[in-house]
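Okay, so here's the structure we're looking at.
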Ligand SMILES: *Cc1c(COP(=O)(O)O)cnc(C)c1O
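Here it is, written out as structure tokens:
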């Protein structure tokens, strides 16, 4: 028993898992009852006796992988979670072994340096000024009189959104940090915002009732002409608006809010613009699709997940600011044992995040980009977006199917004729009877089936056969329901 021999067992089982998924030898989902999994994996025995190595490890990993959801399966068109490139998985292994942290430089110089580099790489994709290298552990306030950007990697888009809105709140109501809450704050957010945005309003003491929803059009996009109605409503109620949250793109149907017009509105009224690009900011890498985010450079902050469209294992999300000072002054309170002034060769990220111990996420993203090249990653995004458009043309021309929205990303919604309940029934049946894994969503008051084409192995052929499968199920519904 040794690291090397056990690692060989794990890697070899992962290779089998990967090949079985790609070759569709096993279904995407294997929903076994919880109690049965606990039993099959012999958890109690291992907890008591230990000894999980060698042959026993091999059996265990086999059994474990058997009840894993297979994201590499071409019929995985479910959630927005990345189908990871193996290079990112190898980075996860390196992280697990070295356990270096990116909170303070001395606990992970490699991780911190890569994070610094990648934050600048992402800032430049947005059109914001990258940060000069720190000198003696500190950043200078300005670079040639111009503010420059800053970023940090954090555990997911939800946490990034919360952190961005905290920064926005600090601008409008700086006293709250020390003195506690007032009850006059408001947030403007699209009706189609991710639930983490209203949740952040709850956590930050804005109150979910003080989220003023911005009207969406039939494509799920914010209507710029109606922005001032929501704003005036908030002001009329005596509220101070801390920020406006726009989507790039929204979660339900994957359409991009018109950032140029929204940012013009925000500048006029001096409102912090946060762009939730958790899913769709990766289009910034594509020459063809970066158009979708036109105007992004006028925003104040951006959430951009790498564990969605950048083929990086969970979790790895970037929070970027146009002006790094908002990020560097975010938490006034000091943890002096960590953040004392010191002469050091690097830079500490710890003061930019809610987390204390901070994992070395940058390595995962970096190893994926470095394996594919940024052009390779851009090609992947182009491919997924184009395939989704083809899927839309195919599905929308079927007489018994309808798509509510022409897709702008790799998210596609549709429904068959019939009730909302029937859409849910179709999904359940697909999971029970076929290899497909898809999701559903509510959009403008109705239930839709929803595809997120994350998988580089999914082809139009899978979509065509999905339609055939749904039709088979649907035929049975009219008989049985
Ligand atoms: C997925 C998503 C989130 C949440 O991000 P997590 O990384 O899952 O926490 C937030 N906003 C949008 C628009 C998303 O698509």
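Numbering (the working numbering), first residue to last: -1 to 479.
Beta carbons are placed, not taken as given, at the ideal position from N, Cα and C, and that holds for glycine.
Buried or exposed for residue i, please, with buried defined as at least 16 other CB atoms from any protein chain shown within 10 angstroms of its CB.
| i | result |
| --- | --- |
| residue 219 | buried |
| residue 471 | buried |
| residue 413 | buried |
| residue 421 | buried |
| residue 101 | buried |
| residue 121 | buried |
| residue 193 | exposed |
| residue 150 | buried |
| residue 113 | buried |
| residue 33 | exposed |
| residue 479 | At residue 479 the pLDDT is 48, less than 50, meaning the model places this residue with poor confidence; the figure from the coordinates comes in the next sentence. So residue 479 counts as exposed. |
| residue 97 | exposed |
| residue 466 | exposed |
| residue 464 | buried |
| residue 430 | exposed |
| residue 83 | buried |
| residue 168 | buried |
| residue 382 | buried |
| residue 30 | exposed |
| residue 178 | exposed |
| residue 42 | exposed |
| residue 45 | exposed |
| residue 181 | exposed |
| residue 355 | exposed |
| residue 207 | exposed |
| residue 143 | exposed |
Among the options, which one has its Cα closest to the Cα of residue i?
| i | options | result |
| --- | --- | --- |
| residue 11 | 36, 57, 394 | 57 |
| residue 435 | 89, 239, 25 | 25 |
| residue 201 | 184, 190, 422 | 184 |
| residue 238 | 172, 249, 296 | 172 |
| residue 364 | 153, 29, 47, 88 | 88 |
| residue 233 | 359, 53, 267, 370 | 267 |
| residue 39 | 60, 27, 53, 23 | 60 |
| residue 352 | 30, 167, 161 | 161 |
| residue 90 | 417, 445, 358, 398 | 358 |
| residue 256 | 215, 37, 376, 269 | 215 |
| residue 442 | 188, 263, 206 | 188 |
| residue 129 | 445, 53, 345 | 345 |
| residue 92 | 35, 1, 30 | 1 |
| residue 286 | 217, 377, 327 | 377 |
| residue 475 | 456, 418, 457 | 418 |
| residue 327 | 175, 186, 444 | 175 |
| residue 68 | 23, 110, 105 | 23 |
List the DSSP bridge partners of residue i.
| i | result |
| --- | --- |
| residue 220 | 214 |
| residue 152 | 315 |
| residue 43 | Paired residues: none, contrary to the question. |
| residue 182 | Answer is none; residue 182 lacks a bridge partner. |
| residue 410 | 449 |
| residue 242 | 186, 271 |
| residue 400 | 413 |
| residue 136 | 133 |
| residue 440 | 445 |
| residue 357 | 99 |
| residue 299 | 272, 319 |
| residue 74 | 435 |
| residue 209 | 185 |
Measure the CB-CB distance between residue i and residue j and report whether it falls below 7 Å.
| i | j | result |
| --- | --- | --- |
| residue 18 | residue 55 | no |
| residue 277 | residue 243 | no |
| residue 20 | residue 77 | no |
| residue 384 | residue 73 | no |
| residue 373 | residue 311 | no |
| residue 448 | residue 432 | no |
| residue 291 | residue 246 | yes |
| residue 224 | residue 213 | yes |
| residue 366 | residue 309 | yes |
| residue 252 | residue 454 | no |
| residue 301 | residue 282 | no |
| residue 424 | residue 468 | yes |
| residue 313 | residue 280 | no |
| residue 126 | residue 147 | yes |
| residue 15 | residue 50 | no |
| residue 342 | residue 131 | no |
| residue 370 | residue 389 | no |
Just checking my contact of residue i with residue j at CB under 8 Å: how many whole Å lie between their CB atoms?
| i | j | result |
| --- | --- | --- |
| residue 81 | residue 387 | Not confirmed; about 19 Å, so no contact. |
| residue 158 | residue 315 | 5 Å |
| residue 408 | residue 401 | Not quite, the Cβ-Cβ distance comes to about 14 Å (not below 8 Å), so this is no contact. |
| residue 145 | residue 321 | 4 Å |
| residue 299 | residue 165 | 7 Å |
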